[in-house]
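Protein chains in written order, with this note's numbering: chain R, 36 to 135; chain Y, 6 to 155.
The structure appears below as structure tokens.
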Amino acid sequence: MKIKARIKGDIISVKAMAKHEMMTYDVAEKKTGDRNNANYITHISATVNGKTVFEMSTSQFLSKNPIFKFKFKGAAAGEKLIITWVDLKGNTKTSKSKIK
Amino acid sequence: MQRRKFLSLGALAAAAAFVPASLSAEDYRKTKPDAWKAHTVEDAITKLYGTSVSIEKGVKLTTPDVAANGGAIPVDIKSDIDAKSVAVFQDVNPESAVAVFTVLEGGIIDYSIKMKMKKSGTITIIVEGKDGKLYSAKKTLDVALGGCEG
Numbered sequence: 036m037k038i039k040a041r042i043k044g045d046i047i048s049v050k051a052m053a054k055h056e057m058m059t060y061d062v063a064e065k066k067t068g069d070r071n072n073a074n075y076i077t078h079i080s081a082t083v084n085g086k087t088v089f090e091m092s093t094s095q096f097l098s099k100n101p102i103f104k105f106k107f108k109g110a111a112a113g114e115k116l117i118i119t120w121v122d123l124k125g126n127t128k129t130s131k132s133k134i135k
Numbered sequence: 006m007q008r009r010k011f012l013s014l015g016a017l018a019a020a021a022a023f024v025p026a027s028l029s030a031e032d033y034r035k036t037k038p039d040a041w042k043a044h045t046v047e048d049a050i051t052k053l054y055g056t057s058v059s060i061e062k063g064v065k066l067t068t069p070d071v072a073a074n075g076g077a078i079p080v081d082i083k084s085d086i087d088a089k090s091v092a093v094f095q096d097v098n099p100e101s102a103v104a105v106f107t108v109l110e111g112g113i114i115d116y117s118i119k120m121k122m123k124k125s126g127t128i129t130i131i132v133e134g135k136d137g138k139l140y141s142a143k144k145t146l147d148v149a150l151g152g153c154e155g
């Protein structure tokens, strides 16, 4: 996962890209013949110092390798932003980035 | 052995201390599983929020008027409403719900995502205010190349 977190004033802007196929049920059926092969990110969350600052429940209709941006307050430069995603098959991925 | 026991107790206590922070967030796929299977926007909104009545103001939705690639349509959402959650729907894919954001303490409603749309259609944003009302924004756009076929 690629994460960029920049602080300006007291607002932190985050831009992140999760690497994921985001296969919908229709595509799974077309390519593999089985709808159950669909797999996509279902939940993305971000924390700083153990406090959740961003949360998104998602469906199969985010783009492939989805890019998402969000803003929040209440963190300082140098602190670590941790983003975690979970997909339908239960795989998870966690990445960290320092707020600059 | 005593020391080991003590340490594991400490680890448990630390884990318990983290629980309240994660409870402030909500996984809408687990709490509202039906909303993700709904085939119409209205049905999805009703299943998520209990009503589909919304006031069309206070929410800014920015997308291109014509999306060249339906596989990655940039969608920007902004609002100053004191809100609990923000949801994104569209009316052309097999199911309607795209994403639900939880607005947390310190969170600002200024999100951008990239989404897929099969063909030209309408994107609907619902912002659930802390006052219990739903606020919405809609935008109809043309999709030049459908994005659900991978």
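Note that beta-carbon positions come from the ideal geometry of N, C-alpha and C, so glycine has one too.
Report buried or exposed for residue i, applying the criterion of at least 16 other Cβ atoms within 10 angstroms of its Cβ.
{"i": "residue 133/Y", "result": "buried"}
{"i": "residue 26/R", "result": "Lying outside 36 to 135, the shown extent of chain R, residue 26/R is not represented and no answer is given."}
{"i": "residue 116/R", "result": "buried"}
{"i": "residue 126/R", "result": "exposed"}
{"i": "residue 34/R", "result": "The requested residue 34/R does not occur in the structure, where chain R is confined to residues 36 to 135."}
{"i": "residue 122/R", "result": "buried"}
{"i": "residue 28/Y", "result": "Because residue 28/Y sits at a pLDDT of 44, beneath the cut-off of 50, its placement in the model cannot be relied upon, and the following sentence gives the value as read from the coordinates. Answer is exposed; the Cβ neighbour count stays below 16."}
{"i": "residue 93/Y", "result": "buried"}
{"i": "residue 71/R", "result": "exposed"}
{"i": "residue 56/Y", "result": "exposed"}
{"i": "residue 58/Y", "result": "exposed"}
{"i": "residue 36/Y", "result": "exposed"}
{"i": "residue 97/R", "result": "buried"}
{"i": "residue 53/Y", "result": "buried"}
For residue i, decide whether its Cβ has a neighbour in chain R, counting only Cβ atoms nearer than 8 Å.
{"i": "residue 23/Y", "result": "With a pLDDT of 45 at residue 23/Y, under the threshold of 50, the modelled position of that residue is not reliable, and the figure given next carries that caveat. So, interface residue."}
{"i": "residue 63/Y", "result": "no"}
{"i": "residue 39/Y", "result": "no"}
{"i": "residue 54/Y", "result": "no"}
{"i": "residue 47/Y", "result": "no"}
{"i": "residue 26/Y", "result": "In this prediction, residue 26/Y scores a pLDDT of 39, lower than 50, which makes its location untrustworthy; the coordinate-derived value is nonetheless stated afterwards. With 8 Å as the cut-off, residue 26/Y counts as an interface residue toward chain R."}
{"i": "residue 85/Y", "result": "no"}
{"i": "residue 147/Y", "result": "no"}
Using a cut-off of 8 Å between C-beta atoms, extract the partners of residue i located in chain R.
{"i": "residue 60/Y", "result": "Simply none; closest approach about 23 Å."}
For residue i, go through chain Y and note every residue whose CB falls closer than 9 Å to its CB, in chain order.
{"i": "residue 88/R", "result": "109, 110, 111, 112"}
List, in order along the chain, the chain Y residues whose C-beta lies closer than 8 Å to that of residue i?
{"i": "residue 97/R", "result": "103, 104, 118, 119, 120, 121"}
{"i": "residue 46/R", "result": "113"}
So, at 8 Å on beta carbons, what are the nonlocal neighbours of residue i in its own chain, with the 5 sequence-adjacent residues on each side left out?
{"i": "residue 101/R", "result": "52, 53, 55, 57, 76, 93"}
{"i": "residue 100/Y", "result": "41, 42, 43, 44, 49"}
{"i": "residue 61/Y", "result": "140, 141, 142, 143"}
{"i": "residue 110/R", "result": "42, 47, 83, 84, 88, 116, 134"}
{"i": "residue 138/Y", "result": "59, 60"}
By Cβ distance, which residues of its chain are closer than 6 Å to residue i, with the 5 residues on each side in sequence left out?
{"i": "residue 112/R", "result": "42, 134"}
{"i": "residue 120/R", "result": "53, 76, 79, 128"}
{"i": "residue 81/Y", "result": "67, 117"}
{"i": "residue 148/Y", "result": "72, 75, 122, 124, 125"}
{"i": "residue 132/R", "result": "38, 40, 116"}
Against chain Y, does residue i count as a neighbour if the rule is that its beta carbon must be under 8 Å from one of theirs?
{"i": "residue 38/R", "result": "no"}
{"i": "residue 127/R", "result": "no"}
{"i": "residue 109/R", "result": "yes"}
{"i": "residue 54/R", "result": "no"}
{"i": "residue 77/R", "result": "yes"}
{"i": "residue 43/R", "result": "no"}
{"i": "residue 106/R", "result": "yes"}
{"i": "residue 120/R", "result": "no"}
Please list the partners that residue i has in chain R, where partner means a Cβ-to-Cβ separation under 7 Å.
{"i": "residue 77/Y", "result": "98"}
{"i": "residue 33/Y", "result": "92"}
Which whole-angstrom value describes the C-beta separation of residue i and residue j, a residue pair presumed to lie in contact below a C-beta threshold of 8 Å?
{"i": "residue 108/Y", "j": "residue 125/Y", "result": "Contact doesn't hold; Cβ gap of about 30 Å is too wide."}
{"i": "residue 118/Y", "j": "residue 104/Y", "result": "6 Å"}
{"i": "residue 146/Y", "j": "residue 79/Y", "result": "Going by Cβ atoms, the distance from residue 146/Y to residue 79/Y rounds to 11 Å, so no, they are not a contact pair."}
Sorted by chain position, which residues of the same chain lie with C-beta nearer than 7 Å to residue i's C-beta, five sequence neighbours on each side aside?
{"i": "residue 99/R", "result": "56, 57"}
{"i": "residue 130/R", "result": "36, 38, 118"}
{"i": "residue 83/Y", "result": "65, 114, 115"}
Starting from residue i, find everything on chain Y with Cβ-Cβ shorter than 7 Å and list it in chain order.
{"i": "residue 102/R", "result": "119"}
For the ligand MG, is there a heavy atom less than 7 Å away from the beta-carbon of residue i?
{"i": "residue 102/R", "result": "As presented, the structure is devoid of all ligands, the ligand MG included, so that no description of it is given."}
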